[in-house]
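Student: Just so we're aligned: the sequence shown equals residues 61 to 294 in the numbering used here.
Quick reminder that beta carbons are idealized off the backbone N, C-alpha and C, glycines included.
Predicted, not measured: the structure shown is a model, and the values here were computed from it.
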Amino acid sequence: RILNSPTQPSFEDSEGLLLLTTDGKVSEIMRRKSVEKEYWVQLHGQVTEEAIERLQRGVEISLPSTEQHNNHGSSMMYTTLPCKACILETVIVEAKNIVTAKVQPTRQETKRKKKFKGACNKCGESGHKAHDCGLNPVDLLKTKDDQKTLRMALPPGIPPSKRSIMRDETRHGPTSWIALTINEGKNRQVRRMTARVGFPTLRLVRVRIGSIKLNGMAEGEVRGIDQSEIIQSI
């Protein structure tokens with residue numbers, strides 16, 4: 061069976077396609093490097109082509125060491141295998157009547173605001189920062205009856221995340237989405253890869269395992285798969 065999981069135990073703060081099986085042989089097959097795993101990843105900031113190229117070539121990341129003679133908490137450096145990566149097109153989606161988490165303002169936010177004299181990193185115009193830019197794909201709107209609407213840019217088929225709504229996505233500033241297809245499964249590999257190239261992961265959705273796709277499954281939905289789908293994934 062496959063499940064569209066809102067969160068996955070092995071990937072904290074992750075979501076999407078999850079294969080459930082009691083067949084050890086099937087589990088071993090799906091973990092092979094010949095089986096691709098595709099993720100759609102929301103990144104903090106506007107990702108660059110240079111960062112995409114670095115991901116495609118492979119980057120050096122730090123992994124927890126599994127060697128028994130090493131001390132607890134030690135790590136090892138690992139270079140990821142070449143992979144597929146590209147920037148995703150997005151559409152504007154609105155989540156209405158939402159409730160956002162109450163976030164305490166930072167010390168800087170409580171100080172008297174001075175007029176920003178620099179240029180925006182997003183549009184290039186002066187007088188405002190990227191966080192306040194009108195081109196920012198994430199906006200929190202309030203209506204007259206104090207109802208809130210969160211407007212954000214998402215890839216087609218990806219709904220707003222309840223988790224990100226609760227923590228108020230507007231605090232992140234500009235974001236971007238990429239598709240990342242890997243043949244490995246190292247500990248928190250995707251998050252470590254994007255952080256290495258300077259764009260931390262905000263949201264991680266697994267959309268494909270081999271030939272098995274998420275295909276618009278509702279959150280929490282479960283469906284069975286047959287042997288032919290597994291064979292096509294090898």
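Spatial neighbours of Q116 within its chain, please: CB distance less than 8 Å, with the 5 preceding and 5 following residues excluded, ordered by chain position.
Tutor: Mapped onto the sequence shown, residue 116 falls at position 56. Within the same chain, Q116 has close Cβ partners P142, C143, K144, A145.
Student: Could you say which of N275, T261, M277 lies nearest to G105 if we only look at CA atoms?
Tutor: Locating residue 105 in the sequence shown gives position 45, where the first residue counts as 1. When only C-alpha atoms are compared, the closest one is T261.
Student: If you draw a straight line from the C-alpha of M136 to the C-alpha of S186, how long is it?
Tutor: Position 76 of the sequence shown holds residue 136. Position 126 of the sequence shown holds residue 186. Straight-line Cα distance between these residues: approximately 44 Å.
Student: What whole-angstrom Cβ distance do L214 and V267 have, given they're in contact under 8 Å?
Tutor: Translated into positions along the sequence shown, residue 214 becomes position 154. Translated into positions along the sequence shown, residue 267 becomes position 207. Not a contact, Cβ separation roughly 13 Å.
Student: Considering T241, what are the terminal residues of the beta strand (DSSP E) in which it resides?
Tutor: For the purposes of this step, residue 241 is taken as the residue at position 181 of the sequence shown. 235–242 is the extent of the beta strand (DSSP E) around T241.
Student: Which term fits I291, buried or exposed, when burial requires 16 or more other beta carbons within 10 angstroms of its beta carbon?
Tutor: Mapped onto the sequence shown, residue 291 falls at position 231. Classification for I291: exposed.
Student: Out of A179, I218, R91, K85, which one is the CA nearest neighbour of E149?
Tutor: Position 89 of the sequence shown holds residue 149. The option with the nearest alpha carbon to E149 is I218.
Student: State the beta-bridge partners of Q102 as determined by DSSP.
Tutor: Counting from one through the sequence shown, the residue named residue 102 turns up at place 42. Per DSSP, W237, R263.
Student: Would you kindly report the start and end of the unbroken beta strand (DSSP E) that includes E120?
Tutor: If you number the sequence shown from 1, residue 120 lands on position 60. Start and end: 120–124.
Student: Are three or more beta carbon pairs between the segment 87–104 and the segment 239–246 nearer than 8 Å?
Tutor: In short, these stretches touch, since the Cβ pair count reaches three.
Student: With C-beta atoms as the reference, is I269 less than 8 Å away from L80?
Tutor: Translated into positions along the sequence shown, residue 269 becomes position 209. Translated into positions along the sequence shown, residue 80 becomes position 20. No.
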